[in-house]
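> Got a structure for you, questions after.
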Amino acid sequence: MEKSIIIAGYGGQGVLFAGKLLSYAAIIENFNTTWIPSYGAEMRGGNANCSVKLGDDEIGSPIINKPDILITLNTQSFYHFEKNVKSGGTIFLCGDEDEIVKSRDDINYVFISLKKITKNIKQLSFLNIVALSAMIRKTGMLKIESLILALNKLIPKDKLNILTSNIEAIKLSAQIVFDNKNSKVLV
Amino acid sequence: MEKLVYKEPKCLVENFKYTFCPGCGHGYVLAIIAGLIDEFNLQGDTIAVSSVGCSIFLEKFFELDVVGASHGRSPCVATGVKRSKPQKFVFTYQGDGDALTIGFNETCHTALRGENITTICINNTNFGMTGGQASATSLPNQKTKTTPFGRDIKKYGYPIKAAEIIAKCEGAAFVARCAVGSPKLYDETKKIIRKAFYNQINKIGYSFIEVLCSCPTNWQMTPVEANNHIINDVAKYYKLGIFKDVLEENKSI
Amino acid sequence: MNDIKEKILLKGNVAIAKAAIEAGCECYFGYPITPQSEIGEYLSKAMIEENRVFIPVESELAAINMVIGAGSTGTKAMTSSSSCGIALMQEAISAMCCQQIPGVIVSVMRGGPGLGNIAPSQGDYNQACYGGGNGDYKIIVLSPSTVQESIDLTYLSFHLAFKYRCPVMLLADGILGQMMEPCEIGNYPYKNYNYDIESWALDGAKNRKARNLISLHMDLGELEKLNYELNKKNIEIEKNEIRYDKYLTDDASIIITAFGTVARVAKAAIKQAREMGIKAGLFRPITLSPFPSNELYNTINENTKVVLDIEMNLGQMLKDVRSSVFGKCDVKFTGKPGGGIINSDEILQKIIDLNNNIES
Chain C
0 MEKSIIIAGY GGQGVLFAGK LLSYAAIIEN FNTTWIPSYG AEMRGGNANC SVKLGDDEIG
60 SPIINKPDIL ITLNTQSFYH FEKNVKSGGT IFLCGDEDEI VKSRDDINYV FISLKKITKN
120 IKQLSFLNIV ALSAMIRKTG MLKIESLILA LNKLIPKDKL NILTSNIEAI KLSAQIVFDN
180 KNSKVLV
Chain F
0 MEKLVYKEPK CLVENFKYTF CPGCGHGYVL AIIAGLIDEF NLQGDTIAVS SVGCSIFLEK
60 FFELDVVGAS HGRSPCVATG VKRSKPQKFV FTYQGDGDAL TIGFNETCHT ALRGENITTI
120 CINNTNFGMT GGQASATSLP NQKTKTTPFG RDIKKYGYPI KAAEIIAKCE GAAFVARCAV
180 GSPKLYDETK KIIRKAFYNQ INKIGYSFIE VLCSCPTNWQ MTPVEANNHI INDVAKYYKL
240 GIFKDVLEEN KSI
Chain R
0 MNDIKEKILL KGNVAIAKAA IEAGCECYFG YPITPQSEIG EYLSKAMIEE NRVFIPVESE
60 LAAINMVIGA GSTGTKAMTS SSSCGIALMQ EAISAMCCQQ IPGVIVSVMR GGPGLGNIAP
120 SQGDYNQACY GGGNGDYKII VLSPSTVQES IDLTYLSFHL AFKYRCPVML LADGILGQMM
180 EPCEIGNYPY KNYNYDIESW ALDGAKNRKA RNLISLHMDL GELEKLNYEL NKKNIEIEKN
240 EIRYDKYLTD DASIIITAFG TVARVAKAAI KQAREMGIKA GLFRPITLSP FPSNELYNTI
300 NENTKVVLDI EMNLGQMLKD VRSSVFGKCD VKFTGKPGGG IINSDEILQK IIDLNNNIES
């Protein structure tokens with residue numbers, strides 16, 4: 000098994016952190032993994048992205064041309080990467096279905112509705128964590144517990160309040176996905 | 000009764016021969032350095048950094064550990080030595096081509112960092128070793144191998160007054176310009192270099208000493224004419240004196 | 000879950016910096032340049048915390064010459080840079096070989112020539128192995144292909160630099176510098192090695208004759224003699240220090256040669272090719288200089304029809320591959336210059352095409 004995931008959004012939305020978290024959770028489940036941030040000219044724009052691979056075997060290139068899964072935290076990134084997603088792959092988009100125009104019929108679209116999330120989560124700054132845990136829960140790629148363990152490793156002990164709210168975000172998001180597992184529109 | 004007035008410093012290589020031209024100023028300055036190394040008893044703790052130019056052959060004269068540097072980079076090599084062995088005495092011996100022409104960036108930054116080392120910079124207003132071409136310090140209208148009609152400041156710019164510039168670097172502790180060309184100047188120079196050594200030993204900081212030196216061969220003068228040229232011309236353009244002395248400044252406060 | 004060996008997730012650049020700390024690097028001098036700036040950034044904190052020397056310098060010239068200064072006293076020192084920055088260091092690298100001063104230079108390649116771009120590249124194989132410095136000199140060049148190997152080879156760099164009193168270059172590329180991978184810092188494995196530093200390092204002529212480490216040797220025959228001595232050392236290095244990696248080459252009809260990041264991408268393609276029944280294998284030089292020439296020659300077996308060299312440049316290692324293969328079989332090349340990245344699908348396609356040619 001080898002899975003490739005691109006996480007993209009505005010700089011400051013924590014896409015790089017979400018990627019690290021995913022990689023760390025993969026280590027906890029004893030997978031091989033690579034993480035690489037957006038590279039080249041993209042590094043200087045307002046958008047950021049990172050590529051994460053995980054698999055049973057050694058990982059070849061950490062660079063992903065056609066991701067199995069794309070997580071986009073803004074619509075700009077959605078349009079930038081939509082065409083690249085592997086046929087049969089899935090896009091997790093933070094937003095509602097009516098906010099975008101789909102251009103492919105060979106991939107799955109999963110919408111994480113911001114309007115409903117904001118009712119449940121106080122800070123939008125946890126969007127990265129919400130999207131990541133929704134993806135993990137939906138695909139069953141890793142265990143949600145591994146994600147929480149990874150958070151414990153990545154967030155310094157003196158920032159316990161951030162840790163607690165992040166874990167809340169994970170649990171809530173996972174719960175929502177669980178409740179709506181047959182629906183493509185989450186929440 | 001005989002009185003011993005001069006004894007060869009023990010940190011000079013036994014039976015060494017200077018490779019310099021007759022009347023060259025380098026020998027005086029090396030003798031001063033050797034005398035002071037003995038005076039402060041530094042031989043066993045000194046690492047000298049040689050440079051490129053007539054200043055290169057330190058190991059042939061000094062019974063001291065020497066590391067060589069590429070052209071202009073001795074302040075960096077000296078920084079590496081001093082930072083890795085802060086208890087050692089470290090000095091660079093450079094010419095104006097090395098320290099002020101190709102390596103002025105390194106010289107300035109070493110001063111700005113306030114590295115606790117000593118730089119002795121011989122200024123003879125030309126590239127001596129390669130045969131007398133114009134350097135950054137060549138005087139206006141000075142005839143050299145590459146300014147056969149004299150240094151035209153409209154075409155080649157102005158000479159670099161290094162001591163004045165380095166004195167503006169806040170990290171520098173002691174900056175002076177002296178000369179060798181007469182016994183009196185020699186004594187002054189020894190006093191100034193002694194102070195520079197004292198500064199390093201007492202961790203006062205970076206000292207930059209520019210020494211105006213004769214280069215009779217390339218100036219196409221006799222040694223006596225060359226010494227007079229230093230006093231009458233070179234030292235007129237490059238004013239002698241102490242441009243910065245943090246020890247004195249502290250005293251006056 | 001707790002019994003799994005504790006691995007941490009590190010960027011290649013940070014891993015190299017951490018390994019330098021563990022290896023006992025006492026001095027770091029550096030000037031920022033993408034894509035290796037994290038090395039200096041990490042060490043700016045770590046070195047100070049360890050009470051070691053860190054200087055953000057005025058240029059790469061200053062950095063490498065400070066390494067010379069620290070190295071001359073027998074102190075472990077390092078600098079890091081990328082393509083154009085390494086270009087500035089060439090004069091000093093030649094001098095280090097002549098003066099026999101140890102030091103570690105990390106080069107994280109970006110696209111070139113000129114300022115090029117900041118995309119990952121392997122365009123500095125020639126710069127690293129054949130240098131831009133003057134005279135008859137060679138340096139040791141080590142090429143990692145994973146973050147873990149970046150750590151292990153950083154250790155080896157310090158070890159070899161002091162074992163042979165020479166500069167050692169760790170040649171990584173932008174991908175390796177920027178990517179994160181699980182790894183272990185472990186312990187510096189050469190702690191107890193006796194390098195006999197006291198016999199040559201400068202610490203002041205106390206109770207012994209004065210020493211010098213210089214690079215101008217004007218006396219008649221002196222430089223010629225020194226060159227022979229340096230060459231003897233290079234031959235010794237070639238005898239003892241060649242390192243390489245082989246993957247499925249025993250029965251391979253197609254042997255791919257690649258180094259660094261490209262090698263790991265090729266490995267993924269080779270796995271896919273094997274699943275399709277194509278006998279492909281990988282020969283990966285770890286020491287790019289000295290190049291594992293005999294080892295590559297001996298890897299080619301009676302089944303081997305072609306050696307395919309793949310690089311992220313236009314064929315810089317190719318000449319070493321060709322001279323190693325020495326006509327034993329066909330040599331082909333594919334590559335991308337200037338920051339173009341090769342993916343495993345492209346390599347797989349190349350393998351399939353070659354295989355079709357072989358069979359027809």
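Chains as they are written, first to last, in numbering that gives the first Met the number 0: chain C, 0 to 186; chain F, 0 to 252; chain R, 0 to 359. A virtual CB, placed ideally from N, CA and C, is assigned to each residue, including glycine.
1) L169 (chain R): which of R:N355, R:L9, R:I15, R:F325 sits nearest, CA to CA?
2) Straight-line CA distance for S82 (chain R) to G110 (chain R)?
3) Would you call T221 (chain F) buried or exposed, if buried means 16 or more other Cβ atoms sit within 10 Å of its Cβ?
4) Excluding five sequence neighbours on each side, which residues of the same chain lie with their C-beta closer than 7 angstroms to the C-beta of A160 (chain R)?
5) Is the CB-CB distance between T78 (chain F) and G68 (chain R) below 9 angstroms?
6) Relative to the C-alpha of A30 (chain F), which candidate in F:T136, F:K202, F:E62 has its C-alpha closest?
7) So, at 6 angstroms on beta carbons, what are the nonlocal neighbours of A267 (chain R) in its own chain, with the 5 sequence-adjacent residues on each side left out?
8) Contact defined as beta carbons within less than 8 angstroms: I believe I255 (chain R) pairs with I269 (chain R). What is the distance between those atoms, to the nearest angstrom?
9) Straight-line CA distance for A40 (chain C) to Y27 (chain F)?
10) In three-state DSSP terms, what is V245 (chain F)?
11) In this structure, how does DSSP classify C214 (chain F) when only helix, strand and coil are distinguished?
12) Out of curiosity, what's the CA-to-CA distance linking E228 (chain R) and E235 (chain R)?
13) Using the Cα positions of E96 (chain C) and M134 (chain C), report the straight-line distance between them to the nearest angstrom.
14) Select from the stretch 14-25 of chain R all residues with a C-beta closer than 9 angstroms to any C-beta belonging to chain F, and list them in chain order.
15) Of all the options F:K9, F:H25, F:K16, F:G22, which has the alpha carbon lying nearest to the alpha carbon of G34 (chain F)?
16) Please confirm if the stretch 128-147 of chain F is in contact with the stretch 199-206 of chain F, defined as three or more CB-CB distances below 8 angstroms between the two stretches.
17) Given that a residue counts as buried once 16 or more other Cβ atoms are within 10 Å of its Cβ, and exposed if not, what is N151 (chain C)?
18) Between G10 (chain C) and G45 (chain C), how many whole angstroms is the CB-CB distance? I'm expecting something under 8 angstroms.
19) When Cβ atoms are compared, which residues of the stretch 172-189 of chain F fall closer than 9 angstroms to chain R?
20) For V306 (chain R) and I32 (chain R), what's the separation of their Cα atoms in angstroms?
21) For N48 (chain C), decide whether its Cβ has a neighbour in chain R, counting only Cβ atoms nearer than 9 angstroms.
22) Consult DSSP for M316 (chain R) and reduce its assignment to one of helix, strand or coil.
23) Kindly list, in the order they appear in chain R, the residues whose Cβ is closer than 7 angstroms to that of N64 (chain C).
24) At 9 angstroms on the CB atoms, spell out the chain R contacts of I32 (chain F), in chain order.
25) On the CB-based measure, 16 or more other CB atoms within 10 Å of its CB, does T163 (chain C) come out buried or exposed?
26) Measure from the alpha carbon of L138 (chain F) to the alpha carbon of each residue in F:I121, F:Y157, F:M128, then state which is nearest.
27) Any beta-carbon of chain B closer than 9 angstroms to the one on I47 (chain R)?
28) Please list, in chain order, the chain R residues whose beta carbon lies closer than 8 angstroms to that of H108 (chain F).
29) I'd like to know if V107 (chain R) contacts chain C, where contact means its C-beta is closer than 9 angstroms to some C-beta of that chain.
30) Is any beta-carbon of chain R found at less than 9 angstroms from that of N73 (chain C)?
31) Does the beta carbon of L8 (chain R) sit closer than 9 angstroms to a beta carbon anywhere in chain C?
32) Say whether chain R places a C-beta atom closer than 9 angstroms to the C-beta of I152 (chain F).
33) Quick test of your reading: E180 (chain R) and T33 (chain C), contact by CB under 8 angstroms. State the CB separation rounded to the nearest angstrom.
34) Between Y23 (chain C) and chain R, is any beta-carbon pair separated by less than 9 angstroms?
35) Do we get a CB-CB distance below 9 angstroms when we pair E345 (chain R) with the residues of chain F?
Taking the definition as stated:
1) Of the candidates R:N355, R:L9, R:I15, R:F325, the one whose C-alpha sits nearest the C-alpha of L169 (chain R) is R:I15.
2) 8 angstroms
3) Classification for T221 (chain F): exposed.
4) P101, G102, V103, P166, V167
5) For T78 (chain F) and G68 (chain R), yes; Cβs fall inside 9 angstroms.
6) F:E62
7) Excluding sequence neighbours, A267 (chain R) sits near S343.
8) 7 angstroms
9) At A40 (chain C), the pLDDT of 49 sits below 50, so the modelled position is not reliable; the number obtained from the coordinates is stated separately. Those two C-alpha atoms are separated by around 59 angstroms.
10) helix
11) coil
12) 11 angstroms
13) 17 angstroms
14) When C-beta distances to chain F are compared with 9 angstroms, the residues of the stretch 14-25 of chain R below that value are E25, in chain order.
15) F:K9
16) no
17) Exposed, because fewer than 16 other Cβ atoms sit within 10 Å of the Cβ of N151 (chain C).
18) 6 angstroms
19) none
20) 35 angstroms
21) no
22) DSSP places M316 (chain R) in coil when its eight states are reduced to three.
23) N342
24) Chain R residues near I32 (chain F): none, gap ~14 angstroms exceeds 9 angstroms.
25) exposed
26) F:Y157
27) In summary, chain B is missing from the structure at hand, where the protein chains are C, F and R.
28) V56, E57, A61
29) no
30) no
31) yes
32) no
33) 5 angstroms
34) yes
35) no
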